[in-house]
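Using the numbering used here, read the sequence shown as starting at 128 and increasing by one per residue.
Below you'll find the structure, written out as structure tokens, and then a few comments.
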Amino acid sequence: RLAFGALKCLREFSYKVPEDISIAGIDDMDMSSMFEPTLTTINYDYYDSGKNAATLILEKINNDSMENRTIVMGYELITRNSTKKIK
Numbered sequence: 128r129l130a131f132g133a134l135k136c137l138r139e140f141s142y143k144v145p146e147d148i149s150i151a152g153i154d155d156m157d158m159s160s161m162f163e164p165t166l167t168t169i170n171y172d173y174y175d176s177g178k179n180a181a182t183l184i185l186e187k188i189n190n191d192s193m194e195n196r197t198i199v200m201g202y203e204l205i206t207r208n209s210t211k212k213i214k
């Protein structure tokens, strides 16, 4: 939602997106493809992230000597009209 606010503010100050500045958001909400310009976003799986976090917490509760570990979650870049290619 922050990106939508940024788009609105930039318009109020006569900036053109993406000609003057590129904007990208996170979450790929339905509004991302309905807004003009359509918003480039990162699609992130919050459900899987929460599931992995809960699993790690439960493992730590059941095994206090468990070492910390890192889980890398994937994402998808959805390119739309709010960003331009940098040369």
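Glycine included, C-beta positions come from ideal geometry on N, C-alpha and C.
Since the structure is predicted, the reported quantities are computational estimates derived from the model, not experimental observations.
Ranking LYS178, PRO145, ASP154 by CA distance to the CA of ASN170 puts ASP154 first. Under DSSP, LEU204 shares a beta bridge with ILE169. For ILE153, the enclosing beta strand (DSSP E) starts and ends at 151-153.
Contact between the region 175-193 and the region 139-149 is absent, with fewer than three C-beta pairs closer than 8 Å.
DSSP, read as helix, strand or coil, puts SER141 in coil. Look at ASN179 here: in three-state DSSP terms it is helix.
With the rule of 3 Cβ pairs closer than 8 Å, the region 194-209 counts as touching the region 155-166.
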